[in-house]
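Asker: Under this note's numbering, think of the first position of the sequence shown as 150, with each following residue one higher.
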Amino acid sequence: MRDFFIKSLEVVINVIVVIAAIGIIVAAGIAFANGDAAAVQYGVGGVAAGLMILIGGGIYLTIMAGFMYLGIGIYQNTKRTAELLEQRAM
150 MRDFFIKSLE
160 VVINVIVVIA
170 AIGIIVAAGI
180 AFANGDAAAV
190 QYGVGGVAAG
200 LMILIGGGIY
210 LTIMAGFMYL
220 GIGIYQNTKR
230 TAELLEQRAM
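1) CB-CB under 8 Å to Gly-207, same chain, minus the five flanking residues each way: which ones, in chain order?
2) Would you mind reading off the limits of the alpha helix (DSSP H) that contains Met-239?
3) Mark Ala-177 as exposed unless 16 or more other C-beta atoms lie within 10 angstroms of its C-beta, in which case mark it buried.
4) Do you know offhand how far Leu-234's Cα is from Ser-157's?
5) Cutting at 6 Å between CB atoms, please list the residues of its own chain near Ala-214, excluding the five before and the five after it.
6) According to the neighbour-count rule (16 or more other Cβ atoms, all chains shown, within 10 Å of its Cβ), is Ala-231 buried or exposed?
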């Protein structure tokens with residue numbers, strides 16, 4: 150039962166990462182398209198705003214996804230170590 154939840158969590162993380170990547174691309178596209186409005190409001194052109202969203206969002210997504218996958222990897226490594234020690238104990 151525990152393995153089911155861990156595998157389900159991995160699928161959920163995969164879906165979240167894909168949705169977040171799509172969201173970053175859409176937000177950057179909107180910033181590129183609304184360059185005039187962004188320049189008037191924030192003093193930053195559309196291209197600069199779009200690039201900042203792409204770079205910042207990409208870095209954020211990489212770090213957050215890395216930490217989530219790191220947690221799953223630690224679980225899997227701990228599980229393999231426990232199984233190996235259990236085999237050697239017999």
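Where is the CB? At the ideal position from N, CA and C, for every residue including glycine.
Answerer: The answer reads as follows:
1) These residues qualify, in order along the chain: Ile-173.
2) In the DSSP assignment, Met-239 falls outside any alpha helix (DSSP H) and carries neither an H nor an E.
3) Ala-177 comes out buried.
4) Taking the CA atoms as reference points, Leu-234 sits about 26 Å from Ser-157.
5) Correct list, in chain order: Val-166.
6) Around the CB of Ala-231, fewer than 16 other CB atoms lie within 10 Å, so the residue is classed as exposed.
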